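Following: one structure in structure tokens, then a few remarks.
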DNA sequence: TATAATTATGTAAACGCTTACATTTTTAAT
DNA sequence: ATTAAAAATGTAAGCGTTTACATAATTATA
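Residue numbers (our numbering), protein chains in the order written: chain A, 15 to 346; chain B, 15 to 346.
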């Protein structure tokens, strides 16, 4: 294994210069850049990450933290995710990007991981709506940068990458209303989850914008039995002409119920989801939904975290990825 | 973050001594050991892995390599395994042990991983029967230690951790014969896989030992349709009174066929598997099998690799974990 | 053309450990 | 009591980078 000294010697420059061309920062003339790169090529020089880590005081290693709930949800137990889950795709975006940058990645479970574990990582990716301000405070104490994915805490200046559910919901409602739907119900999950809250707000504003009466129903998106919930809602509030579900998983369960009760979709009742999961286009009828860019969320979050780690005086931002309404067969 | 120098200063010793107590090697008196540990405790000193890696020229990082076939087999696609597969449990053994030692672990796919990737790892764990001598030669070239898991290449002095299928098969055949079975057929997978070969040899020797005629049938354990294979075998060779399958997965498929054809197990025909998978005890009838210590294979392999990495002049060994016959309901 | 600003390169001190080797202390052997 | 061996500790040179700072070369400006 050749090292930076050999390269420097052969190229007739100092190690500092080699370091500069390798890392692409600082002034280097084109001429020397070329020479150095040539020597690097010849020697098959591979900079030592370890030495670099020591000198830079960076480990080139981050952790992605999931809540136990998410891990269970995506059915992992001993190792990891099924491939089709929402967060599984977010994770794929993360993993591909960290691989590309040569950043090591560990998976941590929020409820389990010991404190202070922060010594081992340059930063954290906190994934999912379960993160509370209390959780986040702990990471703040660690003085290591982190970014929230698919969660944002109102009133706190915390870096986050989320999907723009608000505008997605509005464009969806907009479409539905223009198609003549009037009694559009919104069935959503816990509003402590940013995703649900944002979609909720979009729905509300969308309905009000057109002067329609919004009707929303909170449920436990994971544990509730929709065969019980839906008839309850209908009994209390009357029959909607369209149900706008908080996500595709809920929409799936709702559809199952509706079909089992003999409703025709979309003739008797329309149904729209949110997320655009892999299964959504395969449902029968194919589910109209609002596409969330899950992979891109992961991808962007890594970029963001990298900036926070390697650059200084970065102002916190909330990155919101636009969503797109996808019309399929479950609505007119 | 405190460092070794602070600890040394406070403890009134040299950094060398601190290093010795931290790593538990070299001479240190009990007295100083106590003092140093106390200071470490007080300061919450956490040795820098990075610095240690640099000084030791070790990365504290290994890779576990699976073949694409195994990954597919255990249904992973984007991330990783289902939890119940054979290699999934081996992996769990590996993961727990590396976590314990603070060794980083990467998963690589044999067919995909670029060469030379060896710079990034201290060593390799090569998992599964798909590894050929050609594959292995590549790792030899890298000059990094590696150990084969669940595979052993005849005639080569390569470190490996396998299960003792030979004695397991013998004890199984021994049991069956003593129970009066005489026409015991063995249906096995490719003999290039050490596991199958070893069990095969055990079966052969066990049968011969009692003077019974062995009958063996090779099949593609993954792709073959047992609804076709089994009747073929019976037609050609006559009806066995017991089938000894190369592994539980095959036994499962065989049982499915036999039951569909109306055979009573074990009254009409007995069936025994190998591995003791999670599902085996849940089958109906519960499958008799030979338990393979999968978790322990992973666990031991890590220990072994660690020795190879950190100690010198280690003589190569083959570690063979004894198996145990488990009598359930699928045989007398 | 002289001077300032910009760009290019080099020097050398970190980063936080490990370890070969040297030295001192303790224990054992005679 | 002397000497040898074993045990304990220390010294200091690495490990392979990065980077603050200094210096030199080039380009722009007046």
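From the three backbone atoms N, C-alpha and C, an ideal C-beta is built for every residue, glycine too.
No experiment lies behind these values; they were computed from the predicted model shown.
Can you tell me which of the three DSSP states residue 104 (chain B) falls into? helix
For residue 323 (chain A), count neighbouring C-beta atoms within 10 Å of its own C-beta (all shown protein chains included) and say buried if the count is 16 or more, exposed if not. buried
Quick check on the burial criterion: 16 or more other C-beta atoms within 10 angstroms. Buried or exposed for residue 19 (chain A)? exposed
Checking contacts by CB at 8 Å: is residue 67 (chain B) closer than that to chain A? yes
Whose C-beta lies closer than 6 Å to the C-beta of residue 81 (chain B) among residues of the same chain, with five residues either side of it excluded? 124, 142 and 144
Spell out whether any CB of chain A is found under 8 Å from the CB atom of residue 308 (chain B). no
Let me know the alpha helix (DSSP H) ranges lying completely inside the region 248-309 of chain A, each 4 residues or longer, listed in chain order. Whole alpha helix (DSSP H) segments, 4+ residues: 262-274.
Quick one, are the C-beta atoms of residue 213 (chain B) and residue 169 (chain B) less than 8 Å apart? Their beta carbons are not under 8 Å apart, which means residue 213 (chain B) does not touch residue 169 (chain B) by this criterion.
Can you list the residues of chain B that residue 60 (chain A) reaches, using a CB-CB cut of under 8 Å? 133
Which residues in chain B have a C-beta closer than 7 Å to the C-beta of residue 64 (chain A)? List them in chain order. 64, 67, 68 and 73
Consult DSSP for residue 188 (chain A) and reduce its assignment to one of helix, strand or coil. Of the three classes helix, strand and coil, the one that applies to residue 188 (chain A) here is helix, per DSSP.
Write down every uninterrupted run of the alpha helix (DSSP H) in the region 169-224 of chain A whose length is 4 residues or greater and which is fully enclosed by it, in chain order. 179-192 and 208-223
What is the residue span of the alpha helix (DSSP H) that residue 342 (chain A) lies within? It is not in any alpha helix (DSSP H) - residue 342 (chain A) carries neither H nor E in the DSSP assignment.
In chain A, which residues lie less than 9 Å from residue 118 (chain B) when you measure between Cβ atoms? 75, 118 and 120
For residue 84 (chain B) and residue 100 (chain B), what's the separation of their Cα atoms in angstroms? A direct Cα-Cα distance of roughly 10 Å separates residue 84 (chain B) from residue 100 (chain B).
In chain order, what residues of the same chain have a beta carbon less than 7 Å from the beta carbon of residue 35 (chain A), not counting five sequence neighbours either side? 42, 47, 50 and 51
Identify the residues that DSSP records as bridge partners of residue 332 (chain A): which are they? A:174
Alpha carbon to alpha carbon, how far is residue 315 (chain B) from residue 17 (chain B)? 33 Å
Indicate the three-state DSSP secondary structure (helix, strand or coil) for residue 121 (chain B) in the structure shown. strand
For residue 27 (chain B), the three-state DSSP class (helix, strand or coil): coil
Tell me whether residue 71 (chain A) is buried or exposed, calling it buried when 16 or more other Cβ atoms sit within 10 Å of its Cβ. Classification of residue 71 (chain A): exposed, given that the 10 Å Cβ count is below 16.
Given a cut-off of 8 Å on the beta-carbon distance, is the pair residue 341 (chain B) and residue 302 (chain B) in contact? yes
With a cut-off of 8 Å on the beta carbons, I'd call residue 62 (chain A) and residue 177 (chain A) a contact; round off their distance for me. Incorrect: roughly 39 Å between the Cβ atoms, too far for contact.
Assuming residue 317 (chain B) and residue 111 (chain B) form a contact by the criterion Cβ under 8 Å, report the distance between their Cβ atoms to the nearest whole angstrom. 7 Å
For residue 245 (chain B) and residue 255 (chain A), the rounded distance between their alpha carbons: 57 Å
Among the residues of its own chain, which have a CB less than 7 Å from the CB of residue 59 (chain B), if the five just before and after it don't count? 16 and 21
Using the rule of at least 16 other Cβ atoms within 10 Å of the residue's Cβ for burial, across every protein chain shown, is residue 166 (chain A) buried or exposed? buried
If you measure between the beta carbons of residue 103 (chain B) and residue 308 (chain B), is that distance less than 8 Å? yes
Should residue 220 (chain A) go down as buried or exposed, given a rule of 16 or more other Cβ atoms within 10 Å for buried? buried
Test item: CB-CB of residue 260 (chain B) and residue 235 (chain B) under 8 Å: yes
If you drop the 5 nearest sequence neighbours on each side, which residues of the same chain put their C-beta closer than 8 Å to that of residue 57 (chain A)? So the list reads 16, 20, 21 and 24, once near-sequence residues are dropped.
Quick one: is residue 54 (chain B) buried, meaning 16 or more other Cβ sit within 10 Å of its Cβ, or exposed? buried
Between residue 148 (chain B) and residue 154 (chain B), what straight-line distance do the alpha-carbon atoms span, to the nearest angstrom? 10 Å
Contact criterion: CB-CB distance below 8 Å. Does residue 33 (chain A) meet it with respect to chain B? So no, residue 33 (chain A) is outside the interface.
Completely contained alpha helix (DSSP H) runs for the region 22-66 of chain B, where each covers 4 or more residues: Runs of the alpha helix (DSSP H) inside the region 22-66 of chain B: 29-37 and 44-57.
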